[in-house]
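Trainee: In our numbering, the protein residues as written are 568 to 689.
All C-beta atoms in this analysis are idealised placements derived from N, C-alpha and C, irrespective of residue type, glycine included.
Dropping the structure in here first, questions after.
Okay, here's the thing in structure tokens:
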């Protein structure tokens, strides 16, 4: 049962949650925002830089280049910058939110499920 819940949570956060976030975005096309949020999954290309590409016993957050803590800080910063005052495009905030959601999704995929099945303790 846990593997199915893990799968649903992971892909739900990657594919379904962005749809609902896009619906909440003010004054923007839902489809455009949704596609931008989905585009943030491209950070998983950094998995191609290591061997093995996927290791179920490795947390990608803090390990892969684009999942490293300095980049996570940058993604969080993208969420809060005053774009109107800076004259920067609105979609940078969307990318920041999508990247933070992606990092959270990868984190919960590793940590939360290991806590639930007893393979990790606090």
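Using only the alpha-carbon positions, how far apart do residue 571 and residue 655 sit?
Mentor: Distance between the alpha carbons of residue 571 and residue 655: 41 Å.
Trainee: Under 8 Å: do the segment 622–631 and the segment 648–667 share three or more Cβ pairs, one atom per stretch?
Mentor: Judged by Cβ distances under 8 Å, the segment 622–631 makes no contact with the segment 648–667, as fewer than three pairs qualify.
Trainee: Please report how far the alpha carbon of residue 591 lies from the alpha carbon of residue 581, in whole angstroms.
Mentor: Spanning the two alpha carbons is a distance of roughly 16 Å.
Trainee: Anyone know if the C-beta pair for residue 665 and residue 603 falls short of 8 Å?
Mentor: Yes, these two residues count as a Cβ contact at 8 Å.
Trainee: Which complete alpha helix (DSSP H) runs does the segment 604–671 hold, if anything under 4 residues is left out?
Mentor: Counting only runs of 4 or more, we get 636–647 and 650–653.
Trainee: Only counting the same chain, and skipping five residues up and downstream in sequence, which positions put a Cβ closer than 7 Å to that of residue 584?
Mentor: Result list for residue 584: 668, in chain order.
Trainee: Rounded to the nearest angstrom, what separates residue 642 and residue 674 at their Cα positions?
Mentor: Residue 642 and residue 674: Cα-Cα distance of roughly 15 Å.
Trainee: Please check the pair residue 609 and residue 600, which I expect to be a contact at CB under 8 Å, by giving their CB distance rounded to whole angstroms.
Mentor: Not really, about 16 Å apart at Cβ, beyond 8 Å.
Trainee: Given a cut-off of 8 Å on the beta-carbon distance, is the pair residue 577 and residue 676 in contact?
Mentor: In this structure, residue 676 lies closer than 8 Å to residue 577 by Cβ.
Trainee: Determine the direct distance from the alpha carbon of residue 605 to that of residue 593, and round the result to whole angstroms.
Mentor: Those two C-alpha atoms are separated by around 18 Å.
Trainee: Quick one: using the 10 Å Cβ neighbour count with 16 as the cut-off for buried, is residue 647 buried or exposed?
Mentor: Exposed, because fewer than 16 other Cβ atoms sit within 10 Å of the Cβ of residue 647.
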